[in-house]
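Undergrad:
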Amino acid sequence: MSWTRFDTRWMLSLFGTAVGAGILFLPIRAGTGGFWPVVIMALLVFPMTWLSHRGLSRFVCASSAADKDITHAAEEHFGRGVSLLITVLYFFAIYPICLAYGVGITNTFGSFFTHQLGWATDFSGGFSRFLLAGILISAMMFVMTLSEEFITKVCNALVYPLCVVLFIFSIYLIPHWKSEILGNVPSVKEFIAVVWFTLPVLVFSFNHSPAISTFSVAMRKEYGDLAPYKASQVLFRTSGLLLFFVMFFVVSCIMCLDANDFQAARDANIPILSYFANKLENPIVSYGAPLVAFLAIVSSFFGHYFGAKEGLNGIIRKAIKMGGNENPNLKAIGIFTTIFMYVTMIIVAYINPSILGFIEDLGGPIIAVILFLMPVYAVYRVKNMEKWKNPALDGFVVITGLLAISSIVAKFFL
């Protein structure tokens with residue numbers, strides 16, 4: 001099938017969905033083992049990303065109604081009860097990331113005020129941190145009161161300049177590469193541990209599943225019965241683009257820093273760009289890197305906030321209906337979810353838990369359940385999807401998904 005401008009628009013849209021704050025934390029997790037484990041990650045992440053998202057797209061395309069999204073597909077394939085469970089999982093895959101972004105934006109500004117502007121105020125705790133978190137999260141929540149269409153357009157417009165800046169930054173770091181890093185080969189146990197524990201962050205950083213439902217519906221409207229095959233083609237190119245862009249940035253960061261640097265960035269709970277801003281003696285990097293980190297976190301937050309709020313609204317609405325009330329008060333539900341997310345984000349931003357901990361222990365593993373396990377399960381349970389059975393590829397997706405999920409437990413033994 002020939003490639004069209006319609007396909008290019010969707011490829012860039014999916015690419016933009018994936019590129020966000022996750023890329024700023026991936027080097028911190030992946031870099032702890034040096035260069036060579038990242039080579040294995042690069043070999044794994046392309047088939048992981050392409051096959052898992054293709055499976056989710058096929059899950060949507062297998063629905064009998066061409067204009068219905070993933071929630072309707074789940075209800076059609078598995079029934080109302082399982083559909084509610086999937087909605088709950090989806091919410092808990094996105095909501096912790098919103099909390100993490102609240103922490104991230106607070107720490108990014110706190111680091112900027114301390115290191116670049118030279119303020120004496122300590123933003124690691126106390127009233128000053130609570131005030132900073134409250135102001136920043138209030139500002140982001142105020143933006144959320146604007147038109148959803150306007151916010152989406154602004155976020156989409158931000159993605160491509162961000163990509164260009166991050167790519168230029170990756171090139172800028174090349175003269176700072178340290179060739180001796182290539183000689184640092186971790187032990188077998190350390191090698192396995194780094195790759196295994198990084199899988200949830202890889203899944204999160206390459207994840208564009210929030211757009212797959214809309215993408216699949218658009219493919220069905222455009223290509224009819226050929227939609228699953230055209231979707232596979234678009235997703236293949238999207239995964240290739242992400243592989244080059246994200247892993248080039250990760251490699252460029254890793255070649256400049258050692259394990260102690262990445263541990264310091266993790267302890268400071270700041271994006272890798274903020275760490276570089278504090279480390280490199282370059283005025284442009286010092287002031288520009290925190291700005292890029294801020295824009296990346298904000299653009300990602302808006303997309304995740306919409307998904308988390310929609311998921312929580314859906315959970316409450318379905319729970320009320322299952323309780324016998326077929327006409328829940330949607331306005332009251334919407335007000336409750338807004339207040340709930342606003343208050344919890346400020347509280348968590350003040351407490352300052354590990355951002356990578358959120359991704360490793362909650363976001364990444366739960367995304368893996370929805371993205372890796374559910375579509376494969378559906379292939380062997382839903383009649384309309386049986387034609388896509390491929391035991392070898394399905395096995396690869398399930399194994400990598402289980403590894404991403406089990407990393408929570410594995411870290412206690414490795």
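The opening position of the sequence shown corresponds to residue 1 in my numbering, with each subsequent residue numbered one higher.
Where a beta carbon is used, it is the ideal one built from N, C-alpha and C, also for glycine.
Computed from a prediction, not measured in an experiment: that's the story for all the values here.
1. For the stretch 245-293, which segments carrying the alpha helix (DSSP H) assignment without a break, of at least 4 residues, lie completely within its bounds, in sequence order?
2. Is it buried or exposed for A211, if we count other Cβ within 10 angstroms and need 16 for buried?
3. For a test of the three-state rule: what should DSSP assign to Y350, helix, strand or coil?
4. Suppose you measure from the CA of M322 to the CA of M374; what does that come to, to the nearest Å?
5. Please report the straight-line C-alpha distance between A332 and I339, rounded to a whole angstrom.
6. By Cβ distance, which residues of its chain are closer than 7 angstroms to I366, with the 5 residues on each side in sequence left out?
7. Exposed or buried, what is M219 when buried is set at 16 or more other beta-carbons lying within 10 Å of its beta-carbon?
8. Kindly indicate which residue of W119, F301, P353 and A18 has the alpha-carbon position closest to the one of M341.
9. Can you list, in chain order, the residues of its chain with a C-beta nearer than 6 angstroms to that of F358? Leave out the 5 residues immediately preceding and following it.
10. Which full runs of the alpha helix (DSSP H) of 4+ residues lie inside the stretch 137-194, going along the chain?
11. Give me the Cα-Cα distance between G16 and F412, rounded to the nearest whole angstrom.
12. How should T106 be labelled, buried or exposed, when 16 other C-beta atoms within 10 angstroms of its C-beta is the threshold for buried?
13. Kindly indicate which three-state DSSP category G364 falls into: helix, strand or coil?
14. Flag this pair as yes or no: are the beta carbons of L24 and L273 separated by less than 7 angstroms?
15. How would you call A65, buried or exposed, if buried means at least 16 neighbouring beta carbons within 10 angstroms?
16. Less than 8 angstroms between C-beta atoms, sequence neighbours within five positions excluded: which residues of the same chain meet that for L241?
17. Measure how close the beta-carbons of V234 and D7 come, nearest whole angstrom, since I'm counting them as under 8 angstroms.
18. By alpha-carbon positions, which one of Y223, Q116, P37 and L243 ends up nearest to N1?
19. Distance, Cα to Cα, L460 vs C163?
20. Between which two residues does the alpha helix (DSSP H) containing N107 stretch?
21. Which same chain residues end up closer than 7 angstroms to L295 when comparing Cβ atoms and leaving out the 5 residues on each side of it in sequence?
22. Does the distance from the CB of G22 to the CB of S239 come in under 7 angstroms?
23. Using three-state DSSP, classify F206 as helix, strand or coil.
24. Could you give the distance in angstroms between the alpha-carbon of N278 and the alpha-carbon of D261?
25. What residues in its chain sit with their C-beta under 6 angstroms from that of M141, if we drop five residues either side in the sequence?
26. Hey, out of G307, M255, S63 and Y305, whose CA is closest to V382's CA?
27. Assign P27 to buried or exposed, taking buried as 16 or more other Cβ atoms, counted over all protein chains shown, within 10 Å of its Cβ.
28. Nearest CA to the CA of L84: which residue from R317, Y275 and W50?
29. P290: which of S299, Y275 and H304 sits nearest, CA to CA?
30. Just to check my reading of the structure: G364 and V185 have Cβ atoms closer than 8 angstroms, yes? What is that Cβ distance to the nearest angstrom?
31. By Cβ distance, which residues of its chain are closer than 6 angstroms to G401, with the 5 residues on each side in sequence left out?
32. Let's test the definition: count the other Cβ atoms within 10 Å of the Cβ of T49 and tell me whether it reaches 16, buried, or not, exposed.
33. What residue does the alpha helix (DSSP H) around T32 start on, and which one ends it?
34. Short of 8 angstroms in beta carbon distance, which residues of its chain neighbour N352, apart from the five on each side in sequence? Order them along the chain.
TA: Checking against the coordinates, here is how it stands:
1. Within the stretch 245-293, the complete alpha helix (DSSP H) runs of at least 4 residues are 259-268 and 272-279.
2. With 16 or more other Cβ atoms within 10 Å, it is buried.
3. Y350 falls in the helix class under three-state DSSP.
4. Going by C-alpha positions, M322 is about 23 angstroms away from M374.
5. If you take the alpha carbons of A332 and I339, they lie about 11 angstroms apart.
6. The answer, listed in chain order, is L89, F92 and A93.
7. Buried.
8. Looking only at W119, F301, P353 and A18, the smallest Cα-Cα distance to M341 is reached by F301.
9. Beyond the five residues adjoining it in sequence on each side, F358 comes within less than 6 angstroms, by CB distance, of P96 and A100 in the same chain, given in chain order.
10. Segments of the alpha helix (DSSP H) lying fully in the stretch 137-194: 148-172.
11. So the two alpha carbons sit approximately 35 angstroms from each other.
12. With 16 or more other Cβ atoms within 10 Å, it is buried.
13. In the structure shown, G364 sits in a helix (DSSP, three-state: H, G or I).
14. In this structure, L273 lies closer than 7 angstroms to L24 by Cβ.
15. A65 is exposed by the Cβ-count criterion.
16. When the five nearest sequence neighbours on each side are left out, the beta carbons in the same chain lying within less than 8 angstroms of the beta carbon of L241 are those of M11 and F15, in order along the chain.
17. Yes, they are in contact, since the Cβ atoms of V234 and D7 sit about 5 angstroms apart, within 8 angstroms.
18. Looking at the sequence shown, residue 1 is not Asn but Met. When only C-alpha atoms are compared, the closest one is Y223.
19. The shown model of the chain, from 1 to 414, leaves out residue 460, and the question about it has no answer.
20. Segment R80 to S111, the alpha helix (DSSP H) holding N107.
21. Listed in chain order, the non-local C-beta contacts of L295 below 7 angstroms within the same chain comprise L158 and L162, local neighbours out to five positions each way being set aside.
22. With respect to the 7 angstroms criterion, G22 and S239 are not classified as neighbours on the basis of their beta carbons.
23. Three-state DSSP puts F206 in coil, outside helix and strand.
24. One Cα belongs to N278, the other to D261, and the distance between them is close to 11 angstroms.
25. Non-local C-beta neighbours of M141 in its own chain, meaning closer than 6 angstroms and more than five positions away in sequence, comprise Y342, ordered along the chain.
26. Considering only alpha carbons, the answer is S63.
27. Buried: at least 16 other Cβ atoms inside 10 Å.
28. Comparing alpha-carbon positions, the option among R317, Y275 and W50 lying closest to L84 turns out to be R317.
29. The option with the nearest alpha carbon to P290 is Y275.
30. Contact check for G364 and V185: beta-carbon distance about 26 angstroms, past the 8 angstroms limit, so the pair fails to qualify.
31. The beta carbon of G401 lies closer than 6 angstroms to those of A368, F372 and L373 in the same chain, with the five residues before and after it left out.
32. Buried, because 16 or more other Cβ atoms sit within 10 Å of the Cβ of T49.
33. Under the DSSP assignment, T32 falls outside any alpha helix (DSSP H); it carries neither an H nor an E label.
34. V103, T106, N107, S124, G125, R129 and N269, listed in sequence order.
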